[in-house]
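Residue numbers (this note's numbering), protein chains in the order written: chain A, 1 to 116; chain B, 1001 to 1117.
For glycine and all other residues, C-beta sits at the position ideal for the given N, C-alpha and C.
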Amino acid sequence: AQSVTQLDSHVSVSEGTPVLLRCNYSSSYSPSLFWYVQHPNKGLQLLLKYTSAATLVKGINGFEAEFKKSETSFHLTKPSAHMSDAAEYFCVVSDAGGTSYGKLTFGQGTILTVHP
Amino acid sequence: GAVVSQHPSWVICKSGTSVKIECRSLDFQATTMFWYRQFPKQSLMLMATSNEGSKATYEQGVEKDKFLINHASLTLSTLTVTSAHPEDSSFYICSASSSGASTDTQYFGPGTRLTVL
Chain A
1 AQSVTQLDSH
11 VSVSEGTPVL
21 LRCNYSSSYS
31 PSLFWYVQHP
41 NKGLQLLLKY
51 TSAATLVKGI
61 NGFEAEFKKS
71 ETSFHLTKPS
81 AHMSDAAEYF
91 CVVSDAGGTS
101 YGKLTFGQGT
111 ILTVHP
Chain B
1001 GAVVSQHPSW
1011 VICKSGTSVK
1021 IECRSLDFQA
1031 TTMFWYRQFP
1041 KQSLMLMATS
1051 NEGSKATYEQ
1061 GVEKDKFLIN
1071 HASLTLSTLT
1081 VTSAHPEDSS
1091 FYICSASSSG
1101 ASTDTQYFGP
1111 GTRLTVL
């Protein structure tokens, strides 16, 4: 079985300050982990993914995430927030085996607000 | 690359009618397509998985006779909501994957907002 918990439903930061969106996962097999972003009235866009290669994954728009197996975490960070980063972010897990193979399980989402 | 489109982007229908939503992968061949629904202020919930040329696999609790899925080609999957009722109003999102593997990226369509009156 697989599950994802996003620890914050809302995060608010000032433009130019760091962003941290927290995610913990549970997986019975070696998981693949993804972060997607959803802007209002837009489709989901892939930010980055982890698939058992390097544990520090760099994505688009300056985002990166670190896979920590011992902590079952996959937190998303960005050194300096831009106004355009305001959106909803989803942490997603996909199991490498079992009945959930190839299926995505989404976290509840974190709404990021960026203040000028 | 990896663009997925959905049509229509929004639809309003009367209770009891059927609505068809199309999902197309525009620049790659999608062996596997997925259908999700998203209620307001909630996350995406997987409804079903479809592989080209095969019957769809539905998640527990999803009525396969109500949500008909067809994946007739490597670039097109359709979801038909039959005899729609107001509780079927939701945001329906499809995604496409070239292999369906757990490591494979799913590319998402922009979604279809269904309102049943």
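Residue-level contact to chain A via CB, residue 1028 (chain B), 8 Å cutoff: no
One or two residues paired with residue 32 (chain A) in a DSSP bridge: A:94
Hey, does residue 1044 (chain B) have any beta-carbon neighbour from chain A nearer than 8 Å? yes
Could you tell me if residue 58 (chain A) is buried or exposed, where buried requires 16 or more neighbouring beta carbons within 10 angstroms of its beta carbon? exposed
Residue 84 (chain A) (DSSP reduced to helix, strand or coil): helix
Nearest to residue 29 (chain A) by CA position, among A:10, A:55, A:89 and A:51, is which residue? A:51
What's the C-alpha gap between residue 54 (chain A) and residue 1038 (chain B)? 32 Å
By how many angstroms is the C-alpha of residue 1054 (chain B) removed from the C-alpha of residue 35 (chain A)? 29 Å
Option in A:42, A:48, A:20 and A:84 with minimal Cα separation from residue 92 (chain A): A:48
Kindly indicate the opening and closing residues of the beta strand (DSSP E) around residue 1044 (chain B). 1044-1051
Output, in chain order, the set of chain B residues within a Cβ distance shorter than 9 Å of residue 16 (chain A). Within chain B, no residue comes near residue 16 (chain A); the closest Cβ sits about 29 Å away, beyond 9 Å.
Residue 1073 (chain B): which of B:1015, B:1028 and B:1093 sits nearest, CA to CA? B:1028
Among A:46, A:95, A:26 and A:15, whose alpha-carbon lies nearest the alpha-carbon of residue 1110 (chain B)? A:46
I'd like to check one pair, residue 1076 (chain B) with residue 1035 (chain B): are the Cβ atoms closer than 8 Å? no
For chain B, is any of its Cβ atoms less than 8 Å away from the one on residue 63 (chain A)? no
Using a beta-carbon distance cut-off of less than 7 Å, what residues from the segment 1046-1061 of chain B approach chain E? The structure shown has no chain E; the protein chains it does contain are A and B.
Comparing alpha-carbon positions, which option in A:114, A:11, A:86 and A:32 lies nearest residue 67 (chain A)? A:32
Pull up the distance between the alpha-carbon of residue 9 (chain A) and that of residue 88 (chain A), whole angstroms please. 9 Å
Taking C-beta pairs closer than 8 Å, name the residues in chain A that residue 1032 (chain B) reaches, listed in chain order. 102
Within this structure, are the beta carbons of residue 1117 (chain B) and residue 1015 (chain B) separated by less than 8 Å? yes
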